[in-house]
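One structure is given below, encoded as structure tokens.
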Amino acid sequence: MLGFKHNKKDNCIETSLTGKPLLTTPQLNKGTAFTLEERHDLKLVGKLPARIETLDEQVKRCYAQFKTYKGNLKRNLFLNDLHDTNQVLFYKMVSEHLAEMLPVIYTPIVGTAVKKFSEEFRRPRGIYLSYQEQDYIEEILNNRSNPEIDLIVVTDGEGVLGIGDQGVGGMDIPIAKLMVYSLCGGINPCRTLPILLDVGTNNEELLNDPLYLGWRHPRLTGKDYDNFILKFVRAVEKLFPHIFLHWEDFGRENARRNLERFQKEVCTFNDDMQGTGVVTLAAILAAVHTKGEKLNEQRVVVFGGGTAGTGIADQIVDAMVREGLSREKAYQQFWMLDRPGLLTSDMSDLTTFQKNYARTPKELEKWTLAHGNVVTLNDVVNNIQPTILIGCSAVPGAFTQEIISTMATHTERPIILPLSNPTERCEAVPQDILTWTQGKAMIATGSPFDNIDYQGVEVRIAQCNNAFVFPGIGLGLNAVKAKHLSGDALWAACNALSDHSPVMKNPMAPLLPALDEAKHIALKIAVAVAKQVIKENNHTVDVDDDLETYIQAQMWEPKYLPFKRVD
0 MLGFKHNKKD
10 NCIETSLTGK
20 PLLTTPQLNK
30 GTAFTLEERH
40 DLKLVGKLPA
50 RIETLDEQVK
60 RCYAQFKTYK
70 GNLKRNLFLN
80 DLHDTNQVLF
90 YKMVSEHLAE
100 MLPVIYTPIV
110 GTAVKKFSEE
120 FRRPRGIYLS
130 YQEQDYIEEI
140 LNNRSNPEID
150 LIVVTDGEGV
160 LGIGDQGVGG
170 MDIPIAKLMV
180 YSLCGGINPC
190 RTLPILLDVG
200 TNNEELLNDP
210 LYLGWRHPRL
220 TGKDYDNFIL
230 KFVRAVEKLF
240 PHIFLHWEDF
250 GRENARRNLE
260 RFQKEVCTFN
270 DDMQGTGVVT
280 LAAILAAVHT
290 KGEKLNEQRV
300 VVFGGGTAGT
310 GIADQIVDAM
320 VREGLSREKA
330 YQQFWMLDRP
340 GLLTSDMSDL
350 TTFQKNYART
360 PKELEKWTLA
370 HGNVVTLNDV
380 VNNIQPTILI
390 GCSAVPGAFT
400 QEIISTMATH
410 TERPIILPLS
420 NPTERCEAVP
430 QDILTWTQGK
440 AMIATGSPFD
450 NIDYQGVEVR
460 IAQCNNAFVF
470 PGIGLGLNAV
480 KAKHLSGDAL
490 WAACNALSDH
500 SPVMKNPMAP
510 LLPALDEAKH
520 IALKIAVAVA
530 KQVIKENNHT
540 VDVDDDLETY
550 IQAQMWEPKY
560 LPFKRVD
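If you count by numbering that gives the first Met the number 0, then the sequence shown holds residues 0 to 566, one letter each, in order.
Now the structure itself:
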């Protein structure tokens, strides 16, 4: 661990580091902003140009440098280099240009960076836990740079975005997620830890790539995998008893099993299932409210029955139950498709979490089908006339003009959510959807899209971005040191986001706020989540002050603190 500590009483950084080691520590480096006194005290005289700059002056220079890079991958690499050089400067600049830079450091460009991980590798960040080192997990975790940890984002790289098994390259995802936690949720980056669990890969291209940096071994399964995960969680519990553990981009089977296995023992969260579900449900609640309808009246088609698709469906089912439907009847409002087409109960290879959404073969007897053996998305739309269409398939162009036009024929304002990332995997582009529905569709996408012109009117397309949700959830849980994350706390987060939907005030406005409002939204979500945690008596820190004031005071801001040298 690095030798530094935040002295809260004096609001300064205490460190034993001096000279070059200090300049090469991104958590501490100020670069040209070190004061003259600090330069003498910390043995930096002569190691920096004479001029002493402010943070704002540094931001102007870095932004000018950023603009010289052509192509978002090069910009991503530049920003990550800055992140690994001067952490405060990175966060200050990105926070001032959030809408412009978030898509570069996070979705969708991070998916490209993941694929280029071994090729573009420069310096390590976070902790790599390989299965081969399973007997040294505690020792490895104690090799971390940041001494005190409140939040861990962990992945095994099996289910990255829409690009699947990326092995060790998946590490870029926890790093990016933690950037978003700090930018939008005010989580102190010096109290976070990204972790990659290297359990091999089944990606033959990676296994045959001489540059691949991960463990060259087929991906672990079964008891070996489960025991490794158990050892990891036990070590985390021991070293960080108040941790918030965020699971990210695990494969469809392991994602749900890991969450359900440990959610009663650790304050834990799966963003692919729960975060995606919450932000999507918030958009749907706003849309349904605007239409003057009830959620439990909706007919929902989910195209893509993996971790995200079923996670979204689960959140909607829970909301329908809250509106008075039985859980069994709520499941009957869904038609879910995956690789074999519409999921039906006679299929032998359904996952445990897909079975609740499987339709009976008998109900299909009255359907008109284009092809006898496989029930396609076209068949489902033609026969059930859905009001909501959700895409989590990573199949570009899957929402065809015929499908969208058919929906618009049977419902006045169809809710259409092509959520797949990255952009090239999107099921349909917003311009086409608006054109095919004569401007009636209510749209949110997974990837960011520029504003579009529809019949002379500029239309902003809502992005169903998890960055609206997980930073606030993490901030709220961390503020009161929650023991667990409940379904009611997720529901509180969902309502807090839905209440801030622009469409609530203007029926033609976007379903979700703009990204530059993400930090404001995170605070509101954090307060809602913390209130629910306290209501459940699930907290370990009592708050005597006004809750919003207390949480806002916990939020980290990118600014330089004075240094105090200690031996």
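Just so it is clear, CB atoms sit at the ideal spot from N, CA and C, and this is done for glycine as well. From a predicted model like this one, the values you see are computed outputs, not experimental measurements.
Return the first residue and the last residue of the beta strand (DSSP E) that residue i is part of.
i	result
P447	Element bounds for P447: n/a, residue is neither H nor E.
D197	T191 to D197
W334	F333 to D337
P417	I414 to P417
F398	Premise fails: F398 is in no beta strand (DSSP E) and is neither H nor E.
Along the chain, where does the alpha helix (DSSP H) that runs through residue i open and close?
i	result
C586	Lying before the first or after the last residue shown, residue 586 is absent from the chain, which here runs from 0 to 566.
W246	No alpha helix (DSSP H) holds W246; the beta strand (DSSP E) holding it covers F243 to W246.
K480	That residue, K480, is in no alpha helix (DSSP H); it is neither H nor E in DSSP.
R38	L35 to D40
T67	L54 to T67
P509	Per DSSP, P509 belongs to no alpha helix (DSSP H) and is neither H nor E.
I136	I136 to L140
T275	T275 to K290
G184	D171 to G184
T375	Here T375 belongs to no alpha helix (DSSP H), and DSSP marks it neither H nor E.
D431	P429 to W435
Is residue j closer than 9 angstroms to residue i when the C-beta atoms are compared?
i	j	result
A517	F562	no
I12	A32	no
C183	P447	no
V265	L244	yes
P146	W555	no
I472	A488	yes
L72	T111	yes
S117	L210	yes
R412	T279	no
L41	I126	no
G310	Q353	no
Q430	T405	no
G390	D337	no
A521	A478	no
In three-state DSSP terms, what is residue i?
i	result
S129	strand
K504	coil
H5	strand
Q314	helix
N201	coil
T154	strand
G250	coil
V458	strand
G163	strand
F562	strand
M441	strand
V300	strand
F120	coil
Y105	coil
D487	helix
C463	coil
A234	helix
W25	At residue 25 the sequence reads Pro, which differs from the Trp that was named. Correct three-state label for P25: coil.
S325	coil
L78	helix
When the cut-off is 9 angstroms and only beta carbons count, does residue i lie next to chain D?
i	result
T24	Any reference to chain D falls outside this structure, which holds one protein chain only.
Hey, out of the options, whose CA is closest to residue i's CA?
i	options	result
G308	S325, L294 and W334	W334
L433	F469, I186, P509 and D487	P509
H241	L1, T539 and H519	T539
A312	L192, A281, L210 and P360	A281
E236	Q262, E132, E547 and T17	Q262
H370	N355, L341 and E362	L341
V428	T410, E411 and I403	I403
N420	R412, G438 and A443	A443
L150	A481, S500 and G303	A481
G166	Y135, N201 and E296	N201
A234	E327, D271, R215 and L128	L128
A440	R122, T386 and L324	T386
P360	L101, Y453, V299 and S344	S344
F120	V526, G213 and A491	G213
Q553	L47, V299 and I186	I186
Going by DSSP, name the residue or residues bridged to residue i.
i	result
T343	R358
P209	DSSP lists no partner for P209.
D225	Answer by DSSP bridge pairing: none, since D225 is not bridged.
E13	K4 and K563
D452	E457
C266	F243
Nearer than 8 angstroms: is that true of the beta carbon of residue i relative to any heavy atom of the ligand SAH?
i	result
I524	Inclusion of the ligand SAH in the displayed structure is not the case, the ligand content being empty and no account of it being possible.
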